[in-house]
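>
Pasting the structure below:
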């Protein structure tokens, strides 16, 4: 017996097929790969129902679309459940789209995020089935009142990274079914409204990076389904509400970078996995039960006013522990590390406290540890040999303590070390001879110790810095340094080094700063490249034979350079207040002493001012440090500029973390630098090209207001010496801007050699790895996209 089962092939309604062909003709995008001779259900980015009887989803995400004309055409497909036009360049939502697509009762998802939408939020009339609305990362502005009140089925609303202002909206769907509310990175102000607590199904609230103030309402405990609460980077005050500990579903609470004060309530981590209360004014001791809950994975209490002991009960599931920059005292709790053999701690930051006692050998039991920061405490004793058991460790920083003894030779077996900082202690003995085995090392800081002996062979991977200053090292500058081809900064000052300055130092193309001062070096100073800053002062037997403007008296004697030798222009900065109340900065710059100076000092310093005044163009831009005047003497040039109170971007990004940059600040800095460069390149008398733009030259008026400095020196380097492509063009400025952008994203110094950087940015490892692995971990606390 045979059974015949006829196959039925459903076809799209003619109106939907015609609408799709119309769309294809309108868009005319070859990368869509739409073949109009085939059924639209087979087209790329088109999803149909199971029987191919209707179109349910369309995605045009990431196609660089700039015209919104196609949007109303989508509304002809009345079976759509999902429309995704994210990651394009759309500037508006047409009225026809709102009117016609609002009639599609089955439309559940609308994603227009990461475009260039401007103007106020449109009123969404209809859209009775819409559950997910994402308009994040646009430039929408104005207040939000009743524009979303008609969305009766809304479950997820993302308006983050726009320019909305006014109060937090409370009319977010009459059915009160909202589950996710993301409003971060806007300009909302005022308090958290009590009406928000009426949305009982909320699982996520992200209000970070706004101007919100006041206390956190106690009624927050009424949100019994809440899983994530982010209040970072606002102006909230008062105490951390104890009611937080009563929300059993809450797994992440971030309230960093606010003005919270008082003590941390006991039991706050009872149900949490991630807690961030950093950068507040919390005081008192850390509750003894705070680090012990078994579910806890990450705690950040850094940059508060906490005191007392570190709790000794630590959860075995804890991955990241940041308690730095408080006033904690007592010893590092060593017993816990010995008892918890399965502790998976990967990051330990106790820096900047008043911790005492020794470095416990039990730290070696933290087999998963990757980052250990214990600097700026009062730790004594020797570095334990058990430190070598930390084979996954990449960052080791125990600088600025009271440690003594020798550097354990076993440290050379820690092959994953990238950054080592032991400076500012009383370490003695010789540098381990097999330290060259650290073939992942990029930075080695051993300055300000009592190390003796000759300098051993160093790892050829060193790129960021090698600092051996202020020790008791002897012997010549080793020839093995010639293999450090990627090294940017070399500091050998304040030792007892002898012999001549080797010629190979002039051929290290990545080197930007060389400090040889206060040694016992002799002989002639080699001719260094013009981009390299060299300090060889305090060497009585060094002879400078390269200067072209030596005074007659010094020429007869061969001019000793014991006082100061700086190749390029080094600066001493002064800050002065004048009668009018204006604050200005004065930088004293020393002339170069090599013979690569093609023009007089007066011409070098006056040419920028001449160009500024050569036309009626007004040289002013809020993102460019305005040069005010200069004064020349026989040996120095004094440059007068408006004062930027926040120092340089380098100081903020890599110095004290008191002013750590959040995502909003970094974004503003990048935009500001771009505006400044655009102004300089479009300057009326002619483009001003900065040959060595870097974060050292970016001054900060505030954490969101950058200024490009050293405009007077824009012609300092001979164009034929320009290192990267040997030509001075606007492309160089653009490349430098890209480097600054990468540094702000990474939070790490960019490793020299531009060609290497370009290859890294385009490398497969960057594309294949999770993108957030390449971002500064400090940024994850305020970034909307990173949910660590």
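Residue numbers (the working numbering): 2 to 789. For glycine and all other residues, C-beta sits at the position ideal for the given N, C-alpha and C.
Skipping 5 residues on each side, what residues in its chain have a beta carbon closer than 8 Å to that of residue 122?
Same-chain partners within the cutoff: 136, 141, 143, 145, 148, 149, 160 and 165.
> Would you mind stating whether residue 523 and residue 537 have Cβ atoms separated by less than 8 Å?
Against a cut-off of 8 Å, the Cβ pair of residue 537 and residue 523 comes out as no contact.
> Use the C-beta contact count for residue 16: other C-beta atoms within 10 angstroms, 16 or more gives buried, fewer gives exposed.
Exposed, since its Cβ has fewer than 16 Cβ neighbours within 10 Å.
> Does the count of Cβ pairs from the segment 407–421 and the segment 380–392 closer than 8 Å reach three?
Output reads yes: the segment 380–392 touches the segment 407–421.
> Is it buried or exposed for residue 480, if we count other Cβ within 10 angstroms and need 16 for buried?
Per the 10 Å Cβ criterion, exposed.
> Could you check the C-alpha separation between residue 19 and residue 49 for me, to the nearest Å?
When rounded, the distance between both Cα atoms is 15 Å.
> What does a CB cutoff of less than 8 Å around residue 705 pick up in its chain, not counting 5 residues either side in sequence?
Closer than 8 Å at the Cβ level, and outside the excluded window around residue 705, lie 665, 666, 669, 670 and 673.
> Going by the CB atoms, is the gap between residue 463 and residue 447 shorter than 8 Å?
Result no, Cβ atoms of residue 447 and residue 463 do not sit closer than 8 Å.
> Among the residues of its own chain, which have a CB less than 6 Å from the CB of residue 697, if the five just before and after it don't count?
Once the five neighbours on either side are set aside, the close Cβ partners of residue 697 are 649 and 651.
> Should residue 79 and residue 105 be called a contact, given that it needs their Cβ atoms to be closer than 8 Å?
Taking 8 Å as the Cβ cut-off, residue 79 and residue 105 qualify as a contacting pair.
> Comparing alpha-carbon positions, which option in 58, 273 and 139 lies nearest residue 94?
Per the Cα distances, 139.
> If residue 380 and residue 403 are in contact, beta carbons under 8 Å, what's the gap, nearest whole angstrom?
About 6 Å; that satisfies the 8 Å criterion.
> Suppose you measure from the CA of residue 1 to the CA of residue 710; what does that come to, to the nearest Å?
Shown here, the chain extends from 2 to 789; a query on residue 1 therefore has no answer.
> Between the C-alpha atoms of residue 14 and residue 35, what's the straight-line distance to the nearest angstrom?
Taking the straight line joining both Cα atoms gives about 18 Å.
> Do the CB positions of residue 477 and residue 453 come within less than 8 Å of each other?
No.
> Ignore the nearest five residues each way along the sequence and tell me which others in residue 326's own chain have a CB closer than 6 Å to its CB.
Excluding sequence neighbours, residue 326 sits near 303, 304 and 353.
> List the whole-angstrom C-beta distance separating residue 323 from residue 301, where the pair is believed to meet the contact cut-off of C-beta under 8 Å.
Indeed, because the Cβ distance is near 4 Å, the residues count as touching under 8 Å.
> Between the Cα of residue 471 and those of 511, 426 and 440, spot the shortest distance and give me the residue it belongs to.
The option with the nearest alpha carbon to residue 471 is 426.
> Given this structure, state the Cα-to-Cα distance separating residue 267 from residue 181, to the nearest angstrom.
Approximately 28 Å, taken between the alpha carbons.
> In terms of residue numbering, what span does the beta strand (DSSP E) encompassing residue 323 cover?
Counting along the chain, the beta strand (DSSP E) containing residue 323 begins and ends at 321–323.
> Less than 6 Å between C-beta atoms, sequence neighbours within five positions excluded: which residues of the same chain meet that for residue 247?
Same-chain partners within the cutoff: 222.
> Less than 8 Å between the C-beta atoms of residue 183 and residue 213, yes or no?
Contact flag unset, no.
> Rounded to whole angstroms, what is the Cα-Cα separation between residue 681 and residue 495?
Spanning the two alpha carbons is a distance of roughly 41 Å.
> Residue 507 by DSSP, collapsed to three states: which one?
Here residue 507 sits in helix by DSSP.
> Put residue 446 into one of helix, strand or coil per three-state DSSP.
Residue 446: strand per DSSP, three-state reduction.
> Can you tell me the Cβ-Cβ gap for residue 216 and residue 195, rounded? I've got them flagged as a contact below 8 Å.
The pair is not a contact, with the Cβ atoms about 12 Å apart (cut-off 8 Å).
> For residue 458, decide whether its Cβ has a neighbour in chain D, counting only Cβ atoms nearer than 8 Å.
Going by chain labels, chain D is absent from the structure shown, which holds only one protein chain.
> Evaluate residue 280 with the Cβ neighbour count: other Cβ atoms within 10 Å of its Cβ, from every protein chain shown; 16 or more gives buried, anything less gives exposed.
Answer is buried; the Cβ neighbour count reaches 16.
> Nearest by alpha-carbon distance to residue 127: which of 109, 116, 65 and 114 is it?
Taking only the C-alpha atoms, the option nearest residue 127 is 109.
> Which first and last residues belong to the beta strand (DSSP E) in which residue 466 is found?
Start and end: 466–468.
> Applying the 10 Å Cβ sphere with the 16-neighbour rule, what's the burial state of residue 753?
Reliability fails at residue 753, whose pLDDT of 41 lies under 50, so the model's placement of it is uncertain and the value that follows must be treated cautiously. Residue 753 should be labelled buried.
> At what residues does the beta strand (DSSP E) containing residue 255 begin and finish?
Residue 255 -> beta strand (DSSP E) spans 253–255.
> Can you tell me which residues form a DSSP beta bridge with residue 166?
In the DSSP output, where bridge partners are listed per residue, residue 166 has 188.
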